[in-house]
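Structure first, commentary second.
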Amino acid sequence: MQILELVLYGYNQKVRHLPFKLGQVNIITGRSKSGKSAVGDIIDYCLGGNSCNIADGVVRENVAWYGLLLQFEKERVFVARKNPDKGQQTTTTCYIEVGASLEVPEQCNFSPNTNVSGIEEALTRRIGISENLNTPPEGQSRLPLAANIRHSLYYCFQGQDEIAAKNFLFHHQSEDFITQAIKDTIPYFLGAVSEEALALENERNILKRKLKIEKRKLEENRYLMGGGSERAIALIGEARRVGLIDPAMQIDYQDYQEMYLTLQKAMNWVPNQVQPSNGMDRLTFLQSKFQECQSDYDEIGITIDNAKRFIGESTGYSSEAEHQKVRLESIGLFEQLDFNPGKCPLCSGTLEHPLPSVEMIKASIANLDKSISNVTREQPKLRSFISGLEQEREKKLVQHCLNISD
Numbered sequence: 110m111q112i113l114e115l116v117l118y119g120y121n122q123k124v125r126h127l128p129f130k131l132g133q134v135n136i137i138t139g140r141s142k143s144g145k146s147a148v149g150d151i152i153d154y155c156l157g158g159n160s161c162n163i164a165d166g167v168v169r170e171n172v173a174w175y176g177l178l179l180q181f182e183k184e185r186v187f188v189a190r191k192n193p194d195k196g197q198q199t200t201t202t203c204y205i206e207v208g209a210s211l212e213v214p215e216q217c218n219f220s221p222n223t224n225v226s227g228i229e230e231a232l233t234r235r236i237g238i239s240e241n242l243n244t245p246p247e248g249q250s251r252l253p254l255a256a257n258i259r260h261s262l263y264y265c266f267q268g269q270d271e272i273a274a275k276n277f278l279f280h281h282q283s284e285d286f287i288t289q290a291i292k293d294t295i296p297y298f299l300g301a302v303s304e305e306a307l308a309l310e311n312e313r314n315i316l317k318r319k320l321k322i323e324k325r326k327l328e329e330n331r332y333l334m335g336g337g338s339e340r341a342i343a344l345i346g347e348a349r350r351v352g353l354i355d356p357a358m359q360i361d362y363q364d365y366q367e368m369y370l371t372l373q374k375a376m377n378w379v380p381n382q383v384q385p386s387n388g389m390d391r392l393t394f395l396q397s398k399f400q401e402c403q404s405d406y407d408e409i410g411i412t413i414d415n416a417k418r419f420i421g422e423s424t425g426y427s428s429e430a431e432h433q434k435v436r437l438e439s440i441g442l443f444e445q446l447d448f449n450p451g452k453c454p455l456c457s458g459t460l461e462h463p464l465p466s467v468e469m470i471k472a473s474i475a476n477l478d479k480s481i482s483n484v485t486r487e488q489p490k491l492r493s494f495i496s497g498l499e500q501e502r503e504k505k506l507v508q509h510c511l512n513i514s515d
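When the count follows our numbering, it moves up by one through the sequence shown with no breaks and lands on 515 for the last residue.
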């Protein structure tokens, strides 16, 4: 992503353009107090800044909208944000437009179509930031943090006072909580966090949930061992409701031995010993619910297996393609080829079907490289999809268990 043009739309309907040369160093000159120092703050604000840090003066007093035209590999994106009203530091009124050969609008008559979060998400996706999550260690109060375009700007910009600072290296590092955000996100931008990290984190969360369930069961067992007659009375009442114990049967709840024998008989219950009753209707209903739960569980399981199989196949494809690409690049094969595609390279005879040219082969390798990048970028989304299905399956299982216990 590169900045192609900065645009200011004035309240007087005039438009000020500040073009940039792509891939080159751009030096902005001008007389004092003409707004040069505001350029960095305007760019930061248009790229999703929480507040408008443009200093009060000629720019804030005369500009209605700030705009940026961004150049990507195959498209352009125009983003614009409204200048906050006097006395305010921010606004969520934003506009975004995408096109292959897009030019900046000559007038600010466009209607807002997004907010700050929408701009962040659109730009984060286009610069290639895949799904990621930094989870703090146990015992820390801060929330998990996902790196986005706002975090990448810490390593792209430096203000005039930051360049001369001895104790700070990155943009906004001196502000509260920014230092910690840099620590949490810099491993991702340096490539120290693999694409498998999100899948491993999701697996860890599933295991933690299972651990909590097992701990809850352990506490219930301990309660049963020490709860005495209260739990026994509750179990007898539940057995009456489902028809395992005759509702008319008299039980002395002060006699622990009698309650034990009653529950023992309920454990040895067989269908032909109980007459049809409301309890049996309840049991039939629960069996039907159990079958529905089993069907839902199996269906989600099939979807998860298919997604995992697709990840395995795409991983195998990208690994093999990357291996072949690296081998060819390491020997410089495509840089050294120089032949006439219409002649045989062995006998110099004219070929009936010409060979592919060097440019065509290089183009194929470039397309292969892009395909590998696309497969790698989409894998975390599939893992997130699988994690969501596994969580949904666990929730449905717990819900059906609660329905049965009721």
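From the three backbone atoms N, C-alpha and C, an ideal C-beta is built for every residue, glycine too. Quick caveat, the model's predicted, so the values are computed rather than measured.
Residue range 124 to 128 is occupied by the beta strand (DSSP E) that includes residue 126. For residue 169, the enclosing alpha helix (DSSP H) starts and ends at 167 to 171. In the displayed model, residue 415 falls within a helix according to three-state DSSP. Separation of residue 305 and residue 261 (C-alpha to C-alpha, rounded to the nearest whole angstrom) is 21 Å. Taking C-alpha positions only, residue 327 is separated from residue 340 by approximately 15 Å.
In terms of Cα proximity to residue 148, the closest of 134, 127, 171 and 196 is 127.
Contact between the region 310 to 317 and the region 274 to 281 is absent: fewer than 3 CB-CB pairs across the two stretches fall below 8 Å. The beta carbons of residue 159 and residue 175 sit no closer together than 8 Å. Under the criterion of beta carbons closer than 8 Å, residue 416 and residue 491 qualify as touching, at roughly 6 Å. Proximity to residue 209 across 178, 222, 239 and 218 peaks at 178, based on C-alpha coordinates. The continuous alpha helix (DSSP H) containing residue 235 extends over residues 225 to 235. For residue 211, the closest of 188, 224 and 231 by C-alpha to C-alpha distance is 188. Residue pairing from DSSP places residue 174 in a beta bridge opposite 118 and 191. Ranked by Cα distance from residue 494, the first of 419, 508 and 226 is 419. Rounded to whole angstroms, the gap between the alpha carbons of residue 238 and residue 280 is 19 Å.
Nearest to residue 319 by alpha-carbon distance, out of 499, 113, 118 and 120, is 499. Nearest in C-alpha terms to residue 201, of all of 215, 182, 228 and 219, is 228.
Using a 10 angstroms sphere on the CB of residue 290, the tally of other CB atoms reaches 16 or more, which defines it as buried. Excluding its 5 nearest sequence neighbours in each direction, residue 207 has C-beta neighbours in its own chain below 7 Å: 184 and 186, listed in chain order. At the C-beta level, residue 243 and residue 254 come within 8 Å of one another. Counting every other CB atom within 10 Å of its CB across the protein chains shown gives residue 225 a total of 16 or more, marking it as buried. Note on geometry: alpha-carbon atoms of residue 122 and residue 116 lie some 13 Å from one another. Taking a C-beta distance under 8 Å as the contact criterion, residue 236 and residue 258 qualify as a contact pair. The Cβ atoms of residue 145 and residue 139 sit closer than 8 Å to each other. By the neighbour-count definition (other C-beta atoms within 10 Å, threshold 16), residue 132 is an exposed residue. If one requires a minimum length of 3 residues, no beta strand (DSSP E) run lies completely within the region 269 to 296.
In terms of Cβ geometry, residue 180 and residue 113 form a close pair [threshold 8 Å].
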